[in-house]
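Everything in the sequence shown is counted per the working numbering, starting at 1142 for the first residue and increasing by one. Structure first, then comments.
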Amino acid sequence: MNLDQLNYQTVETDGVITFKNENTTLGFIRFDDKGEVEYIFVNPIFRKKGLAKKLLKITEEKLGKKLIPQEPISPLGRKLFHLN
């Protein structure tokens, strides 16, 4: 199943964007107004479908700036932000 086949809704609150369906949270991103990403998570069941990249894209569009990851950064986070 790819991103286009997933049935989910996007929920935006102050500093958090969440993808969820009727059963669970697929993923979320927590950020501040400066564009610093505090945390990004994708449920392991839904990984490798482009959800993290889509969360980053939506957040960048919302803020109108390039995002910066906060330390510490996991190996997967480094890869996502092209820091390796």
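Where a beta carbon is used, it is the ideal one built from N, C-alpha and C, also for glycine.
When you compare only the Cα positions, how much space is there between residue 1155 and residue 1224?
The straight-line gap from Cα to Cα measures roughly 27 Å.
What is the DSSP secondary structure of residue 1150, counted as helix, strand or coil?
Three-state DSSP puts residue 1150 in a strand.
What does residue 1210 pair with, by DSSP beta-bridge criteria?
Partner(s): 1178.
Reference residue 1216; option with closest CA among 1190, 1204 and 1181
For the residues 1190, 1204 and 1181, the minimum Cα distance to residue 1216 belongs to 1181.
Identify, in the order they occur along the chain, each residue of the same chain with its Cβ nearer than 7 Å to the Cβ of residue 1158, setting aside the five sequence neighbours on each side.
Cβ within range, chain order: 1151, 1169, 1170, 1196, 1199 and 1200.
Can you look up residue 1159 in the DSSP assignment and give me helix, strand or coil?
Strand at residue 1159.
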